[in-house]
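Trainee:
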Amino acid sequence: RTYRMPKEVRVEPHKFAAELIHRL
Amino acid sequence: VASSVLFPCKFTSFGCGLTLSPAEKPEHEELCEFRPYSCPCPGTCCHWQGQLNAVMHHLTSHHRPITTVQGEDVIFLATNIHITGAIDWVMMQACFGHHFLLILQKMDKYEGYRQYFAFVQLIGTRNEADKFNYRMELNSPPRRMAWEARVRSIHEGIAATIRNSDCLVFDTDIIEFFAVSGSLGINVTIS
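Top line first, the protein sequences correspond to chains A and B. If you count the first sequence from 1, position 13 lands on 183 in our numbering, and the numbers rise without skipping. If you count the second sequence from 1, position 15 lands on 913 in our numbering, and the numbers rise without skipping.
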């Protein structure tokens, strides 16, 4: 049985727009 | 008189053939499969709407590049996890012939208390999304925290998912158990 390590992906942060916060 | 008359769904021009009473109409229109899709990119004020088959083109041509990886298992490594303010981290996972959006959002609830919400959305219809589950796991032996749920469609939006905490939710204290050098690895499996 072979086990494949899942690929690691670096994801950078992104600042929200204020409008979205108000909608939530 | 109006309550005895059937009115067409407001998405008639998009292909919906239903007629409904005034009482049924708002609820149907909220869930109507013919309702145009909104832009699924979180953290933007994009007002784009269109058909499902145009969503991918819109995302790739009008928004910041979103990293896409192939496979059912990935490790979503969110960097700079302690950055202040309302933040999102987004990537795309491609498997089973579909594209899935992996979203992590952080909200500062009050001074010093932050909440994180992580979930998966299918770029597809609700019926297609019903066929998939996802599992998200934070792992730092001996501690482990996991969440399993049905994949949501981008047609359902993200506001209700976050408002109802219908996703992997954790806070400032929990994250300290799992973050390493300011990055948080989330194992994501779609099945």
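Note that beta-carbon positions come from the ideal geometry of N, C-alpha and C, so glycine has one too.
How is alanine 921 (chain B) classed by DSSP in three states: helix, strand or coil?
Mentor: As a working mapping, residue 921 (chain B) is identified with position 23 in the second sequence. If DSSP states are grouped into helix, strand and coil, alanine 921 (chain B) belongs with coil.
Trainee: Measure how close the beta-carbons of arginine 1048 (chain B) and threonine 1059 (chain B) come, nearest whole angstrom, since I'm counting them as under 8 Å.
Mentor: In the second sequence, counting from the first residue as 1, residue 1048 (chain B) sits at position 150. In the second sequence, counting from the first residue as 1, residue 1059 (chain B) sits at position 161. Contact between arginine 1048 (chain B) and threonine 1059 (chain B) is absent: CB atoms are separated by about 11 Å, not below the 8 Å threshold.
Trainee: Between proline 963 (chain B) and the ligand ATP, is there a pair consisting of the residue's CB and a ligand heavy atom that are separated by less than 7 Å?
Mentor: The model on display carries no ligand, and the ligand ATP is accordingly not part of it.
Trainee: Under the DSSP definition of a beta bridge, which residues are partnered with aspartate 1071 (chain B)?
Mentor: Within the second sequence, numbered from 1, the residue matching residue 1071 (chain B) stands at position 173. DSSP output for aspartate 1071 (chain B) lists no bridge partner at all.
Trainee: What residue does the alpha helix (DSSP H) around methionine 954 (chain B) start on, and which one ends it?
Mentor: Counting from 1 along the second sequence, the entry for residue 954 (chain B) is found at position 56. Methionine 954 (chain B) -> alpha helix (DSSP H) spans 953–960.
Trainee: Here's the rule: buried if 16 or more other CB atoms are within 10 angstroms of the residue's CB, otherwise exposed. What is histidine 1053 (chain B)?
Mentor: Here residue 1053 (chain B) refers to the residue found at position 155 of the second sequence. The residue is buried, with at least 16 neighbouring Cβ atoms inside 10 Å.
Trainee: For a cutoff of 8 Å on Cβ pairs, would you count aspartate 986 (chain B) as touching chain A?
Mentor: Position 88 of the second sequence, counted from the start, is the residue given in the question as residue 986 (chain B). Yes, its Cβ sits closer than 8 Å to a Cβ of chain A.
Trainee: In angstroms, rounded to a whole number, what distance separates the CA positions of isoleucine 1021 (chain B) and arginine 962 (chain B)?
Mentor: Here residue 1021 (chain B) is taken as the residue at index 123 of the second sequence, counted from 1. Here residue 962 (chain B) is taken as the residue at index 64 of the second sequence, counted from 1. Straight through space, the alpha carbons of arginine 962 (chain B) and isoleucine 1021 (chain B) are spaced by roughly 17 Å.
Trainee: Could you list which residues in chain D have their beta carbon closer than 8 Å to that of asparagine 978 (chain B), in chain order?
Mentor: The chain inventory of the structure shown lacks chain D, comprising the protein chains A and B.
Trainee: Examine chain A for any beta-carbon lying closer than 8 Å to the beta-carbon of glycine 969 (chain B), and answer yes or no.
Mentor: Within the second sequence, the letter at position 71 stands for residue 969 (chain B). Closer than 8 Å to some Cβ of chain A, the Cβ of glycine 969 (chain B) qualifies, so yes.
Trainee: When DSSP labels each residue in this structure, what does asparagine 1025 (chain B) get in the three-state scheme?
Mentor: Residue 1025 (chain B) sits at position 127 when you count from the first residue of the second sequence. Three-state result, asparagine 1025 (chain B): helix.
Trainee: Which stretch, first to last residue, makes up the alpha helix (DSSP H) that contains alanine 1016 (chain B)?
Mentor: Translated into positions along the second sequence, residue 1016 (chain B) becomes position 118. Per DSSP, alanine 1016 (chain B) belongs to no alpha helix (DSSP H); it is in the beta strand (DSSP E), 1011–1020.
Trainee: Could you please give me the residues that DSSP links to cysteine 993 (chain B) through a beta bridge?
Mentor: Position 95 of the second sequence, counted from the start, is the residue given in the question as residue 993 (chain B). Beta-bridge pairing links cysteine 993 (chain B) to B:His996.
Trainee: For cysteine 930 (chain B), which residues in the same chain have their Cβ closer than 7 Å to its Cβ, ignoring the five residues on either side in sequence?
Mentor: The residue given as residue 930 (chain B) occupies position 32 in the second sequence. Excluding sequence neighbours, cysteine 930 (chain B) sits near Cys907, Phe909, Cys914.
Trainee: Would you mind giving the Cβ-Cβ distance between isoleucine 1073 (chain B) and tyrosine 1014 (chain B), rounded to the nearest angstrom? I have them listed as a contact below 8 Å.
Mentor: Locating residue 1073 (chain B) in the second sequence gives position 175, where the first residue counts as 1. Locating residue 1014 (chain B) in the second sequence gives position 116, where the first residue counts as 1. Right, the Cβ-Cβ distance comes to about 7 Å (below 8 Å), so this counts as a contact.
Trainee: Looking only at its chain, what residues have a beta carbon closer than 6 Å to the beta carbon of glutamine 947 (chain B), apart from the 5 residues adjacent to it on each side?
Mentor: Locating residue 947 (chain B) in the second sequence gives position 49, where the first residue counts as 1. Closer than 6 Å at Cβ, skipping near neighbours: Pro934, Ser936.
Trainee: Could you check whether glutamine 1003 (chain B) and proline 940 (chain B) sit closer than 8 Å to each other, using their CB atoms as the reference points?
Mentor: Taking the second sequence and counting its residues from 1, one reaches residue 940 (chain B) at position 42. Taking the second sequence and counting its residues from 1, one reaches residue 1003 (chain B) at position 105. In contact: proline 940 (chain B) and glutamine 1003 (chain B) (Cβ atoms closer than 8 Å).
Trainee: Specify, as a first and last residue, the run of the beta strand (DSSP E) that isoleucine 973 (chain B) falls within.
Mentor: Translated into the one-based positions of the second sequence, residue 973 (chain B) becomes position 75. Run containing isoleucine 973 (chain B): 971–976, per the beta strand (DSSP E) assignment.
Trainee: Interface residues of chain A around aspartate 989 (chain B) at Cβ under 8 Å?
Mentor: Within the second sequence, the letter at position 91 stands for residue 989 (chain B). Sequence check: residue 989 (chain B) is methionine here, not aspartate. Within chain A, the residues near methionine 989 (chain B) are Val179, Val181.
Trainee: Quick one: which unbroken beta strand (DSSP E) runs of 3-plus residues sit fully inside the region 1036–1063 of chain B? Chain order, please.
Mentor: For the region 1036–1063 of chain B, whole beta strand (DSSP E) runs of length 3 or above, ordered along the chain, are 1041–1048.
Trainee: Counting only beta-carbon separations shorter than 8 Å, does leucine 1066 (chain B) have a partner in chain A?
Mentor: As a working note, residue 1066 (chain B) is residue 168 in the second sequence. By this cut-off, leucine 1066 (chain B) is not an interface position.
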